[in-house]
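Novice:
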Amino acid sequence: MPRSIWTGAISFGLVTVPIRLVSAVRRQDVHFHQLHAEDGARIQHRRFCSVEEREVPHDEIVRGYEIEGGRHVVVTDEELERLDPERTHTIDIERFVDLAEIDPILYDASYYATPDGDVAVKPYDLLRRAMASSGKVAIGRVVIRTKEHLAAIRAVGEALTVATMLFPDEVVPRDELDAPAASGDVTDREVEMACRLVESLSAEFEPERLHDERRERVLELIDCKARGEEVVTEAEPERPQPAPDLMAALEASLAGARDGGGGPSAGDAGGGRAAASPSSRSRA
Amino acid sequence: MSRPVEIDVEGRPLRLSNLDKVLYPQVGFTKAAVIDYYTRVAPAVLPHLRGRPLTLKRYPNGVEASHFYEKQCPSHRPDWVRTAPIAIRSEDRIVDFCLAEDLPTLVWLANLADLELHTSLSLATPIERPTAMVFDLDPGPPADVLTCARVALALRDLLEPLGLEGLAKTSGSKGVQVYFPLNVETTYAETKPFAQAVAQLLERRRPELVVSSMRKSLREGKVLVDWSQNDQHKTTVSVYSLRARERPTVSTPVAWTELEAALEAGDPQELAFDSEAVLARIAERGDLFAPLLEWEQPLPRL
């Protein structure tokens, strides 16, 4: 069971459902370590006091907000907690909407909500069933750590999921994009053809059939490098491509060696052998 | 954790640390056991390390934890550890490689948890001249060490008519490596394309058994005949090196007759040797890989 990142309750009219949020995402990224190129040693990140010039333990570190050049206001966890005690522990459902109304650009992170304790199981199930039968998505607000999010709660199978969402002012407006303006010279016929192409490629969305091919390629690269004993900083060598006739020459040479009890090339090779090598071709 | 131990090896003072640290957890093989193995195998392995740039492969927290390669000889080395400056491709810099030339250096390396010793096919000078040509036979499951033995024998039979005799060793892992001693004037520009042509010819003759391309997808049930280690910038695991596997297995020289016998018996275990088995073999039969440093065999002119 993954660790919960938030404990609180979903509040829905008179019903309160104690829940925990656990991340619904398991990152499969290929994880690299930073190494010192000189000697391959692991790079450590240390917290370092710029005045005392010494490493600082966690419990000596506080949070500061810069108000003007170099001046900070220190803000503690307790102060942040007291600021809005309700919302740091409650997701208030404000309304129910249709899933298709939500622009996917707003979605941020996905969590599972699990009932927190036996007492939560019944109201959890009640909320889940009500949402499943209505097919609606519940919209509320939640504060996770220092940040308030919009939250979309959905019933998915036996579970409730919570997706945190950006506030619309956190999305970059499209008119800030530095993109060339649309040209007007697309013809209806072109649009029609493109539509037919879309039609022909239309299919069910089956995400379980998709996977991260890039990761597989990266892992293969790592595998190859590890196998070839190539180390940290070196680039993959260029492979000499032997002229195709080298293999042919080898084959001809072998044929010669078989037929004539040693062609000219085989004779050269044998003649160069030092006395230290076995005189007969008997197998060791 | 045990306290560091100060010892003297052939007149060199050494400080050994964490001797009771278990580096092979499945069998409880400790760092002390690693140092003991390298000390006892030193007479056989040192001739194969002497003068060759060494790449360390260190497992400070044992074979189940992370490891790293080290080409640059650690800067905290004792001043009597010999090094050789070698230019590294694709970087405008010189790396000082360790040279393991005596028992104290070998013990020092073992104390760094340098379980695996990877060496160049060249001596440090001249670095351009390989003293051997190597084929690393790597099985793609379900192919195994026996499939590799079959390919190794095919490789031997292929090159024998050209006056090249080979030597085989287990990789200590899943594969087999076949070395052809050269010990004559040559360059990688000669050995690498030759090795590739040999691998390709072997693939063409035994397509059911052999691939010559690194592409993993092609390898299933076959043996990759990796010719690409015939390169100034590559290393191959040294004979008598421990491997970082579940057990302290060793890259072990084997006679051709042993490969044939293992194939006959159908028993891959006949080609698996751990540190104890290797020391017993050396005591009984000497260094089967000694010819690697002696036989002079020029590549045939094609």
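Chains G and Y are the protein sequences, given in the same order. Under my numbering, the first residue of the first sequence carries the number 1, and numbering increases by one thereafter. Under my numbering, the first residue of the second sequence carries the number 1, and numbering increases by one thereafter. Just so you know, even glycine gets a beta-carbon here, dropped at the ideal spot from N, CA and C.
(1) Less than 8 angstroms between the C-beta atoms of Thr90 (chain G) and Ser4 (chain G), yes or no?
(2) Is there a Cβ from chain G that is less than 8 angstroms from the Cβ of Ala84 (chain Y)?
(3) Helix, strand or coil: how does DSSP classify Tyr65 (chain G) here?
(4) Using 8 angstroms as the threshold, is the C-beta distance between Leu250 (chain G) and Leu155 (chain Y) below it?
(5) In the DSSP output, what is Val171 (chain G) paired with across the bridge?
(6) With a threshold of 16 other CB atoms inside 10 Å of the CB of Met193 (chain G), please say whether the residue is buried or exposed.
(7) Whole angstroms is fine: what's the gap from Glu230 (chain G)'s alpha carbon to Lys122 (chain G)'s?
(8) Spell out the partners DSSP gives Leu14 (chain Y) in its beta bridges.
(9) Using a Cβ-Cβ cut-off of less than 7 angstroms, give me the residues of the region 247–258 of chain G that come near chain Y, in sequence order.
(10) What is the rounded straight-line gap between the Cα of Glu220 (chain Y) and the Cα of Gln34 (chain G)?
(11) For Asp136 (chain Y) versus Thr236 (chain Y), is the C-beta distance shorter than 8 angstroms?
(12) Which partner residues does Ala155 (chain G) have in the DSSP bridge list?
(13) Could you give the first and the last residue of the continuous beta strand (DSSP E) run that contains His118 (chain Y)?
(14) Would Val162 (chain G) pass as a contact of Ala151 (chain G) if the rule is Cβ separation under 8 angstroms?
(15) Pick helix, strand or coil for Gln269 (chain Y), following the three-state DSSP scheme.
(16) Where do the N-terminal and C-terminal ends of the beta strand (DSSP E) with His72 (chain G) fall, by residue?
(17) Which class does Leu259 (chain Y) belong to by DSSP, given the choice of helix, strand or coil?
(18) Can you check whether the CB of Ala283 (chain Y) is closer than 8 angstroms to the CB of Thr249 (chain Y)?
(19) In the structure shown, what three-state DSSP assignment does Glu238 (chain G) receive?
(20) Can you tell me which of the three DSSP states Ile222 (chain G) falls into?
(21) Looking at the strands, I want to know which residues DSSP matches up with Pro126 (chain Y).
(22) In whole angstroms, what separates the C-alpha of Gly175 (chain Y) from that of Val145 (chain Y)?
(23) Just list the residues that DSSP pairs Cys49 (chain G) with in beta bridges.
(24) Have a look at the DSSP bridge pairing and note the partners of Thr114 (chain G).
(25) What are the boundary residues of the alpha helix (DSSP H) that includes Val133 (chain Y)?
(26) Run through chain Y and tell me which residues come within less than 7 angstroms of Gly287 (chain G), C-beta to C-beta.
(27) Would you tell me roughly how many angstroms separate the C-alpha atoms of Ala32 (chain Y) and Leu19 (chain Y), rounded to the nearest one?
(28) Does any residue of chain G bring its CB to less than 8 angstroms from the CB of Pro74 (chain Y)?
(29) So is the beta-carbon of Val254 (chain Y) under 7 angstroms away from any non-hydrogen atom of the ligand GDP?
(30) Gly70 (chain G) to Gly40 (chain G), Cα distance in whole Å?
(31) Is Leu103 (chain Y) near Val45 (chain Y), with beta carbons less than 8 angstroms apart?
(32) Whole angstroms is fine: what's the gap from Pro207 (chain G)'s alpha carbon to Asp138 (chain Y)'s?
(33) Which two residues bound the contiguous alpha helix (DSSP H) that contains Ala84 (chain Y)?
(34) Who are the neighbours of Val198 (chain Y) on chain G, taking C-beta pairs under 9 angstroms?
(35) Could I get the ranges of all uninterrupted alpha helix (DSSP H) runs contained in the region 127–208 of chain Y, with 4 residues as the minimum, in chain order?
(36) Is there contact here, the region 164–171 of chain Y with the region 210–221 of chain G, by at least three beta-carbon pairs under 8 angstroms?
Specialist: In short, the structure shows the following:
(1) In this structure, Ser4 (chain G) does not lie closer than 8 angstroms to Thr90 (chain G) by Cβ.
(2) Closer than 8 angstroms: no.
(3) Strand at Tyr65 (chain G).
(4) Against a cut-off of 8 angstroms, the Cβ pair of Leu155 (chain Y) and Leu250 (chain G) comes out as no contact.
(5) Paired residues: none, contrary to the question.
(6) Taking all protein chains in view, the Cβ of Met193 (chain G) is surrounded by fewer than 16 other Cβ atoms within 10 Å, so the residue is classified as exposed.
(7) The predicted position of Glu230 (chain G) is uncertain, since its pLDDT is 46 and thus under 50; a value taken from the coordinates is nonetheless stated next. Cα atoms of Glu230 (chain G) and Lys122 (chain G): separation of roughly 58 angstroms, rounded to the nearest angstrom.
(8) The secondary-structure analysis by DSSP pairs Leu14 (chain Y) across a beta bridge with Y:Ile7.
(9) Near chain Y, meaning a CB-to-CB distance below 7 angstroms, the residues of the region 247–258 of chain G are Met247, Ala249, Leu250, Glu251, Ser253, Leu254, Ala257 and Arg258.
(10) So the two alpha carbons sit approximately 33 angstroms from each other.
(11) Result yes, Cβ atoms of Asp136 (chain Y) and Thr236 (chain Y) sit closer than 8 angstroms.
(12) Paired residue(s): G:Leu160.
(13) Run containing His118 (chain Y): Glu116 to Thr119, per the beta strand (DSSP E) assignment.
(14) Their beta carbons are under 8 angstroms apart, which means Val162 (chain G) touches Ala151 (chain G) by this criterion.
(15) Here DSSP, grouped into helix, strand and coil, assigns Gln269 (chain Y) to helix.
(16) It spans Arg71 to Val75 - the beta strand (DSSP E) in which His72 (chain G) sits, taken as one unbroken run.
(17) Residue state, collapsed to three classes: helix.
(18) No, Cβ-Cβ distance for Thr249 (chain Y) and Ala283 (chain Y) is not below 8 angstroms.
(19) Since pLDDT at Glu238 (chain G) reaches only 46, below the 50 mark, its modelled position is unreliable, and the value read off the structure follows with that caveat. DSSP places Glu238 (chain G) in coil when its eight states are reduced to three.
(20) Helix at Ile222 (chain G).
(21) The beta-bridge partner set that DSSP reports for Pro126 (chain Y) is empty.
(22) For Gly175 (chain Y) and Val145 (chain Y), the distance between alpha carbons rounds to 5 angstroms.
(23) The partner list for Cys49 (chain G) (beta bridge, DSSP) reads G:Arg54.
(24) According to DSSP, Thr114 (chain G) bridges with G:Arg20.
(25) For the record, residue 133 (chain Y) in the displayed sequence is Met; it is not Val. From DSSP, Met133 (chain Y) is part of no alpha helix (DSSP H) but of the beta strand (DSSP E) over Ala132 to Pro139.
(26) In the structure displayed, chain G extends from 1 to 284; residue 287 (chain G) sits before or after that span and is not available.
(27) Per the coordinates, the alpha-carbon of Ala32 (chain Y) lies some 5 angstroms from the alpha-carbon of Leu19 (chain Y).
(28) Using a CB distance cut-off of 8 angstroms, Pro74 (chain Y) counts as an interface residue toward chain G.
(29) Because no ligand of any kind appears in the structure shown, any question about the ligand GDP cannot be addressed here.
(30) So the alpha carbons of these two residues sit roughly 37 angstroms apart.
(31) No, Cβ-Cβ distance for Leu103 (chain Y) and Val45 (chain Y) is not below 8 angstroms.
(32) Taking C-alpha positions only, Pro207 (chain G) is separated from Asp138 (chain Y) by approximately 35 angstroms.
(33) Ala84 (chain Y) -> not in any alpha helix (DSSP H); beta strand (DSSP E) instead, spanning Thr83 to Ile88.
(34) Correct list: Met247 and Leu250.
(35) Fully enclosed alpha helix (DSSP H) runs of 4 or longer: 145–159 and 188–205.
(36) By the Cβ criterion, the region 164–171 of chain Y is not in contact with the region 210–221 of chain G, since fewer than three pairs of Cβ atoms, one from each stretch, lie closer than 8 angstroms.
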